Every structure is written in C-alpha cells, then in structure tokens.
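Just below is one structure, and these are the notes that go with it.
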Ligand SMILES: [Zn+2]
C-alpha cells in the first residue's frame with residue numbers, strides 16, 4: 004500500500020475508535036510509519052478523533068533520542084506524551100509499523116486489576132497467546148523520552164499488545180488494518196473476561212497447547228480478514244456520509 008493509502012486507513016481507524024467510544028476526549032494517539040521507514044504519521048493535538056481526516060495527520064521524522072530537556076524537542080501541534088511514546092516505539096520496535104493507543108474500557112479495566120494476566124478464555128483470546136506484554140509500573144504520564152524507550156523494551160520482538168497498567172492499551176502491527184483488527188479482537192476478548200469475572204464463577208481457562216494451536220490457526224487462516232474488516236467499515240462510514248448530504 005502506498006503512503007496515501009496508509010494515511011487514509013489511519014484517519015479512518017481514528018474515526019472508528021471514536022465511533023466505538025474507545026478514545027479519550029481529544030487525547031489518545033495513533034501512528035503509522037511511511038516514507039520508507041524514515042517518517043511516521045500521528046494525529047495532531049486537540050483534534051477530535053471523530054473528525055480526523057487524512058490531511059489532518061502530521062508527518063514527523065523518526066529521530067534518535069536527543070539530550071535536550073524533556074519537552075524541548077516536541078514538534079508544534081503534537082502532544083508531548085504521544086511524541087515520546089510513538090517516535091521511540093517506531094524507532095526501536097521493527098514490527099511496530101503501526102501503533103494504536105487508546106483507553107478502551109474493557110482492556111483498561113483488566114489493566115487496572117492487580118497482577119492480572121490476560122487469560123486464554125475463548126477463541127479470540129487465543130489469538131493473543133504469548134503476544135501480550137505488561138507495563139505494571141505506572142509512574143505518571145509519559146513526559147520523558149525514556150518512557151518511550153521503556154515501552155519499546157516491554158514490547159520486545161514478539162508482542163502485539165502492551166497492557167499499560169492503570170492506564171490503557173497499546174496495540175502494534177505491520178499494517179493499519181492488521182493493528183486495528185487486533186485492537187478490536189483484543190477489546191472483545193477483554194470484554195468477555197470482564198463479564199466472566201463478574202459472574203464470580205471459576206474461569207474455564209484453556210490449556211496452553213490448545214491456545215498455541217488456536218493462535219497458529221488464526222495466523223494461517225486463509226484470506227485477509229483484517230483488510231476486509233477495515234474496508235467494510237470504511238464503506239459503511241462512506242455510505243453514511245453520502246446519505247447525510
Ligand atoms: Zn493514554
């Protein structure tokens with residue numbers, strides 16, 4: 004996909020996150036690498052997710068850490084915490100071509116349970132077997148570049164999801180469609196776990212071998228369901244905006 008396609012997809016995903024109610028006021032951040040890996044797109048500060056259009060996304064360089072005081076080097080119109088987080092994750096995590104960060108309610112709920120481990124409770128959860136990392140050291144907002152480097156270390160080479168304790172969730176992927184599909188499946192799996200926990204009954208957690216097999220089945224499933232998922236949702240939004248005219 005060319006850079007314009009990535010820009011269009013990322014803006015659409017931001018609007019969809021608002022539609023699902025997973026954003027936070029005019030905060031939260033989504034980004035995607037373009038330009039051959041030298042630059043990334045990021046939503047600007049203050050623009051509501053529901054209004055995000057492709058041209059609103061800012062194009063920023065992926066730069067090495069600088070020694071300037073925290074905040075000094077943040078580009079105009081860019082949220083300081085987004086800059087520290089996304090620039091460093093894109094720089095340090097090769098498979099994080101796309102980074103979606105939200106405070107979606109069910110994943111964030113699990114991130115606020117003391118020591119909670121994401122459970123292999125259903126088919127959707129198994130998709131994430133061995134792919135969820137945890138940041139259990141919430142220390143305030145990401146006001147310094149070192150926070151992005153710490154998050155990148157936690158994501159490592161294989162994790163797709165980082166549950167940010169007492170905060171929210173970050174999902175990374177190779178394409179916007181892939182990361183968005185994971186974000187949706189992860190929230191659904193978390194919703195199921197919150198509902199299951201709310202019953203007070205013991206959880207029927209699947210064996211690791213079954214979870215691993217199911218994860219492999221997800222990965223090998225024929226077709227590109229993530230692409231179809233996003234294309235269909237974009238088509239729905241386009242139809243709705245045409246009917247309002
Ligand atoms: Zn956040």
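Residue numbers (the numbering used here): 4 to 248. Even for Gly, the Cβ is constructed at its ideal location relative to N, Cα and C. Since we're looking at a predicted model, the values are computed, not measured.
Q. Is any heavy atom of ligand 1 found at a distance shorter than 6 Å from the C-beta of residue 151?
A. Start at 1 with the first residue of the chain shown, and residue 151 comes out as number 148. No - ligand 1 has no heavy atom lying nearer than 6 Å to the Cβ of residue 151.
Q) Which ranges does the alpha helix (DSSP H) cover as unbroken runs of at least 4 residues, wholly within the region 91 to 135, from first to last along the chain? A) 108 to 114, 126 to 129
(Q) Bridge partners for residue 27 per DSSP, in chain order? (A) By 1-based counting over the chain shown, the position of residue 27 is 24. Answer by DSSP bridge pairing, in chain order: 30.
Q.
I'd like to know whether the C-beta atoms of residue 124 and residue 220 end up nearer to each other than 7 Å.
A. Here the question's residue 124 lines up with position 121 in the chain shown. Here the question's residue 220 lines up with position 217 in the chain shown. Taking 7 Å as the Cβ cut-off, residue 124 and residue 220 do not qualify as a contacting pair.
Q) Looking at the unbroken alpha helix (DSSP H) that takes in residue 183, where does it start and where does it end? A) Here residue 183 refers to the residue found at position 180 of the chain shown. That run of the alpha helix (DSSP H) goes 179 to 201.
Q.
For residue 156 and residue 198, I'd like the C-alpha separation in whole angstroms.
A. To locate residue 156, count along the chain shown from 1; it is residue 153. To locate residue 198, count along the chain shown from 1; it is residue 195. Spanning the two alpha carbons is a distance of roughly 31 Å.
Q | Element boundaries [beta strand (DSSP E), containing residue 176] | A | For the purposes of this step, residue 176 is taken as residue 173 along the chain shown, with counting starting at 1. Start and end: 171 to 176.
**Q.** Three-way DSSP call (helix, strand, coil) for residue 43 in this model
**A.** Against the chain shown, residue 43 aligns to sequence position 40. Residue state, collapsed to three classes: strand.
Q. Which residue or residues does DSSP assign as beta-bridge partners of residue 167?
A. The sequence position of residue 167 within the chain shown is 164, counting from 1. Per DSSP, 138, 171.
Q: Alpha carbon to alpha carbon, how far is residue 111 from residue 170? Give it in angstroms, no decimals.
A: In the chain shown, the residue the question calls residue 170 occupies position 167. In the chain shown, the residue the question calls residue 111 occupies position 108. Those two C-alpha atoms are separated by around 6 Å.
Q | Residues bridged to residue 36 [DSSP beta-bridge criterion] | A | In the chain shown, the residue the question calls residue 36 occupies position 33. Residue 36 is bridged to 43.
Q. Taking 6 Å as the cut-off, does the CB of residue 168 come closer than this to any heavy atom belonging to ligand 1?
A. By 1-based counting over the chain shown, the position of residue 168 is 165. Incorrect: residue 168 has no Cβ contact closer than 6 Å to ligand 1.
Q. Between the C-alpha atoms of residue 101 and residue 80, what's the straight-line distance to the nearest angstrom?
A. In the chain shown, counting from the first residue as 1, residue 101 sits at position 98. In the chain shown, counting from the first residue as 1, residue 80 sits at position 77. Answer to the nearest angstrom: the Cα atoms are 20 Å apart.
Q: Determine the DSSP secondary structure at residue 247, reduced to helix, strand or coil.
A: The residue labelled residue 247 in the question sits at position 244 within the chain shown. Three-state result, residue 247: helix.
**Q.** Proximity winner among 190, 246, 205, relative to residue 165 (alpha-carbon distances)
**A.** As a position in the chain shown, residue 165 is number 162, starting the count at 1. If we check each option's Cα against that of residue 165, 190 comes out closest.
Q.
Between which residues of its own chain and residue 57 is the CB-CB distance below 6 Å, once the five residues before and five after are set aside?
A. Taking the first residue of the chain shown as 1, we reach residue 57 at position 54. Once the five neighbours on either side are set aside, the close Cβ partners of residue 57 are 10, 11, 14.
Q | Status (buried if at least 16 other CB within 10 Å, exposed otherwise) for residue 260 | A | No information on residue 260 is available, as it lies outside the stretch 4 to 248 that the chain covers here.
Q: Using only the heavy atoms of ligand 1, determine whether one of them is closer than 6 Å to the beta carbon of residue 171.
A: Here residue 171 refers to the residue found at position 168 of the chain shown. Yes.
Q) Can you name, in chain order, every residue of its own chain whose Cβ lies under 7 Å from the Cβ of residue 18, other than the five neighbours on each side? A) As a position in the chain shown, residue 18 is number 15, starting the count at 1. Closer than 7 Å at Cβ, skipping near neighbours: 52, 53, 55, 240.
**Q.** Sequence-distant residues of the same chain with beta carbon closer than 7 Å to residue 206, five excluded per side
**A.** The residue given as residue 206 occupies position 203 in the chain shown. Excluding positions up to five away in sequence, the list reads 122, 124, 199.
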